[in-house]
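Each protein sequence line maps, in turn, to chains A and B.
Just so you know, our numbering puts the end of the first sequence at 245, numbered straight through with nothing missing.
Just so you know, our numbering puts the end of the second sequence at 187, numbered straight through with nothing missing.
Please read the structure below before turning to the comments.
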Amino acid sequence: MSDALSEDGSEQNDSQEELMTPVELIAKLEEAWLNEKFSPDLLENKSEIVECVMEQLTHMEDNLQRVSKGDMKASVHRMEIDRIRFVLSSYLRSRLQKIEKFFPHVLEKEKSRADGDPSYLSPEEYAFAREYLANTETYLKAVALRHMPPNLQAVDMMKAVPEPCLDSFVFLRVKEQQDNIMVEPETDDQREYVVDLDVGSQHLMRYRTIAPLVSTGAVQLI
Amino acid sequence: MDPAEVEFLAEKEIVKIIPNFSLDKIYLIGGDLGPFNPGLPVQVPVWLALNLKQRQKCRILPPQWMDVDKLEEVREMERKEDSFTPPPSPYYMELTKLLLNHASDNIPKADEIRTLVKDIWDTRIAKLRLSADSFISQQEAHAKLDNLTLMEINTTRSFLLGSLNCMFKLRSNMQPGTSTGKGPDY
């Protein structure tokens with residue numbers, strides 16, 4: 024008797040060329056979630072992962088609708104759906120928090136990127152950021168700026184909102200061997216030195232040095 | 002990060018259970034489970050094991066490392082060494098709490114295990130406090146923390162990272178030529 028809730032071990036995702044099993048997809052979602060949570064800056068948008076996960080969740084929920092309630096399997100599937108949904112919402116929520124915190128810089132970064140580079144914002148996030156900027160400007164004008172003397176009525180958002188601090192310290196775990204990572208000194212009398220990052224080791228260092236490694240997936244923030 | 006979120010990650014660990022019901026294979030998004038046959042052990046993630054246990058549908062078998070003798074050895078090693086020894090499991094604290102709270106009847110000598118794990122935790126946290134202290138006072142820029150578990154890192158995360166960022170801000174303001182509009186947030 025075939026299980027109405029069973030699915031293929033590997034599904035092809037239409038939005039990209041590589042074959043990714045659902046297991047790998049969920050693992051990638053969790054990695055993206057942790058990286059986004061702990062990085063001081065807004066990371067690249069992983070919209071293909073988000074879309075695929077949403078597809079899986081809606082597919083599974085549709086299946087569950089068709090099966091009788093109170094079934095043992097249905098409850099297990101439902102628990103799993105809740106867990107995945109939590110990770111997904113938390114991921115999107117931390118992105119939105121960062122967009123709200125750094126909105127002028129995020130929009131500037133998006134405007135100034137080259138056409139071939141991956142985008143930092145999904146279309147919905149971009150619309151959200153622009154509306155947030157417009158609303159904040161309107162609010163500041165209405166509440167304070169129009170009461171100021173005429174030559175002080177402009178506010179430069181890029182200066183008014185603090186930039187993300189890329190020099191924050193982060194904890195990370197190494198997934199791919201990296202050699203000769205430069206560590207900059209804290210005080211003037213120390214000299215800079217290099218460290219090798221071995222696979223599976225955990226470190227504490229500045230985000231700035233390892234930021235490119237996070238985007239390529241060579242290290243995982245923890 | 003919330004301790005509850007660390008526990009969420011710990012719940013993905015695999016543990017052996019003995020079900021008292023039968024069910025054929027389940028094809029979850031995150032992998033396949035089962036088939037379940039009464040009396041035969043099967044490997045499931047902790048979140049499912051706890052749910053089944055609460056519905057009285059299974060018996061949980063303690064993981065390999067959750068054994069009084071093994072944990073005593075770990076505790077002695079931890080007390081002897083100055084640096085961190087490899088933990089019994091990357092999620093030993095969360096798993097001990099979860100399994101002993103919900104399934105202590107399935108785990109032999111539960112109270113002793115609880116005390117041993119707490120001792121190991123206390124020793125490791127004391128070492129962590131000392132090494133964080135020396136990290137800050139020597140103003141190092143890099144530290145290797147191989148054998149630390151996520152829960153231990155999470156305990157000091159907000160304080161340690163917050164103070165390091167604060168110190169960076171103070172230092173960079175003392176040097177001329179810093180860019181405007183930039184600052185770590187609190």
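For every residue, glycine included, the Cβ atom is placed at its ideal position computed from N, Cα and C.
Please list, in chain order, the chain A residues whose beta carbon lies closer than 9 angstroms to that of residue i.
i, result
"GLY40 of chain B", "Result: empty, since nearest Cβ-Cβ is about 17 angstroms, beyond 9 angstroms."
"TRP48 of chain B", "MET102, GLU103 and ARG106"
"ASN52 of chain B", "SER98, VAL99 and MET102"
"ILE154 of chain B", "PHE194, GLN225, LEU227 and ILE245"
DSSP three-state label for residue i, please.
i, result
"GLY163 of chain B", "helix"
"GLU186 of chain A", "strand"
"SER29 of chain A", "With a pLDDT of 42 at SER29 of chain A, under the threshold of 50, the modelled position of this residue cannot be trusted, and the question is left open."
"GLN2 of chain A", "Limits of chain A in this structure are 24 at one end and 245 at the other, which puts residue 2 of chain A out of reach."
"LEU62 of chain B", "coil"
"GLN140 of chain B", "coil"
"ASN86 of chain A", "helix"
"GLN213 of chain A", "coil"
"TRP56 of chain A", "helix"
"PRO20 of chain B", "strand"
"ASP106 of chain B", "helix"
"ASN203 of chain A", "strand"
"LYS98 of chain B", "helix"
"PRO127 of chain A", "helix"
"PRO173 of chain A", "helix"
"ASP120 of chain B", "helix"
"MET175 of chain B", "helix"
"GLN243 of chain A", "strand"
"TYR149 of chain A", "helix"
"ILE104 of chain A", "helix"
Between residue i and residue j, what straight-line distance do the alpha-carbon atoms span, to the nearest angstrom?
i, j, result
"PHE151 of chain A", "PRO127 of chain A", "12 angstroms"
"GLU12 of chain B", "GLY163 of chain B", "28 angstroms"
"MET95 of chain A", "GLN57 of chain B", "13 angstroms"
"ILE126 of chain B", "GLU59 of chain A", "27 angstroms"
"ASP134 of chain B", "PRO39 of chain B", "53 angstroms"
"ILE154 of chain B", "VAL166 of chain A", "44 angstroms"
"PRO87 of chain B", "ASN148 of chain B", "5 angstroms"
"LEU51 of chain B", "PRO185 of chain A", "45 angstroms"
"VAL237 of chain A", "LEU244 of chain A", "8 angstroms"
"GLU67 of chain A", "SER142 of chain A", "6 angstroms"
"ALA144 of chain B", "ARG118 of chain A", "28 angstroms"
"ASP33 of chain B", "ASN86 of chain A", "17 angstroms"
"LEU57 of chain A", "GLY240 of chain A", "12 angstroms"
"GLU131 of chain A", "ASN102 of chain B", "51 angstroms"
"MET83 of chain A", "ILE104 of chain A", "8 angstroms"
"ASP202 of chain A", "ILE233 of chain A", "12 angstroms"
"VAL118 of chain B", "LEU144 of chain A", "44 angstroms"
"PRO91 of chain B", "LYS182 of chain A", "43 angstroms"
"ALA177 of chain A", "VAL129 of chain A", "20 angstroms"
"MET175 of chain B", "PHE169 of chain B", "10 angstroms"
"PHE37 of chain B", "ARG101 of chain A", "18 angstroms"
"PRO208 of chain A", "GLU53 of chain A", "33 angstroms"
"ILE61 of chain B", "THR124 of chain B", "29 angstroms"
"HIS226 of chain A", "GLU79 of chain B", "20 angstroms"
"GLU8 of chain B", "ILE49 of chain A", "18 angstroms"
"ASP190 of chain A", "GLY139 of chain A", "27 angstroms"
"ILE107 of chain A", "GLU71 of chain A", "16 angstroms"
"PRO89 of chain B", "TYR162 of chain A", "55 angstroms"
"GLN157 of chain A", "CYS188 of chain A", "It should be noted that the sequence gives Ala, not Gln, for residue 157 of chain A. ALA157 of chain A and CYS188 of chain A: Cα-Cα distance of roughly 24 angstroms."
"SER38 of chain A", "LYS69 of chain A", "Residue placement at SER38 of chain A is flagged as unreliable, the pLDDT there being 46, under the threshold of 50; the coordinate-derived value follows with that caveat. One C-alpha to the other measures close to 12 angstroms."
"CYS167 of chain B", "ASN21 of chain B", "55 angstroms"
Going along chain A, which residues have a C-beta under 7 angstroms from residue i?
i, result
"ASP147 of chain B", "SER224 and GLN225"
"ILE27 of chain B", "LYS96 and VAL99"
"MET2 of chain B", "LYS60"
"ILE191 of chain B", "There is no way to answer for residue 191 of chain B, as the model of chain B reaches only from 2 to 187."
"LEU151 of chain B", "ILE245"
Using a Cβ cut-off of 7 angstroms, pull out every chain C residue sitting near residue i, in sequence order please.
i, result
"PHE151 of chain A", "The structure shown contains no chain C; its protein chains are A and B."
Give the residues of chain B in contact with residue i, contact being defined as C-beta atoms less than 9 angstroms apart.
i, result
"GLN243 of chain A", "Within 9 angstroms Cβ-Cβ: nothing; GLN243 of chain A doesn't reach chain B, min ~11 angstroms."
"PRO45 of chain A", "LEU29, ILE30, GLY31 and GLY32"
What in chain B is Cβ-close to residue i, meaning under 8 angstroms?
i, result
"GLU207 of chain A", "ALA142"
"GLN79 of chain A", "ILE30"
"MET83 of chain A", "ILE30"
Assuming residue i and residue j make a contact with CB atoms under 8 angstroms, what is their CB distance in whole Å?
i, j, result
"MET94 of chain B", "THR150 of chain B", "7 angstroms"
"GLN69 of chain B", "LYS110 of chain B", "The amino acid occupying residue 69 of chain B in the given sequence is Val; Gln does not appear at that position. At roughly 5 angstroms, the Cβ-Cβ gap stays under 8 angstroms, so VAL69 of chain B and LYS110 of chain B are in contact."
"VAL99 of chain A", "ILE27 of chain B", "6 angstroms"
"ALA55 of chain A", "TYR114 of chain A", "6 angstroms"
"SER62 of chain A", "TYR230 of chain A", "6 angstroms"
Identify the contact partners of residue i in chain B, using a Cβ-Cβ distance below 7 angstroms as the criterion.
i, result
"GLN120 of chain A", "Correct list: empty, because the minimum Cβ distance to chain B is about 11 angstroms."
"ILE49 of chain A", "ILE30 and GLY31"
"VAL218 of chain A", "HIS143"
For a test of your reading of the model: does the CB of residue i fall under 7 angstroms from any non-hydrogen atom of the ligand MN? Yes or no.
i, result
"HIS128 of chain A", "Inclusion of the ligand MN in the displayed structure is not the case, the ligand content being empty and no account of it being possible."
Residues of chain A with CB closer than 8 angstroms to the CB of residue i, please, in chain order.
i, result
"LEU24 of chain B", "MET95 and LYS96"
| message | Taking 8 angstroms as the cut-off, does the region 64-75 of chain B touch the region 79-86 of chain A (at least 3 CB pairs, one atom from each stretch)? | response | No, the region 79-86 of chain A is not in contact with the region 64-75 of chain B.
Review point. Taking one C-beta from the region 7-24 of chain B and one from the region 40-48 of chain B each time, how about it: are there three or more such pairs within less than 8 angstroms?
Key: At 8 angstroms Cβ cutoff, the stretches touch.
Are there three or more Cβ pairs, one per stretch, closer than 8 angstroms when the region 216-236 of chain A is compared with the region 184-203 of chain A? Between the region 216-236 of chain A and the region 184-203 of chain A there are three or more C-beta pairs closer than 8 angstroms, enough to call the two in contact.
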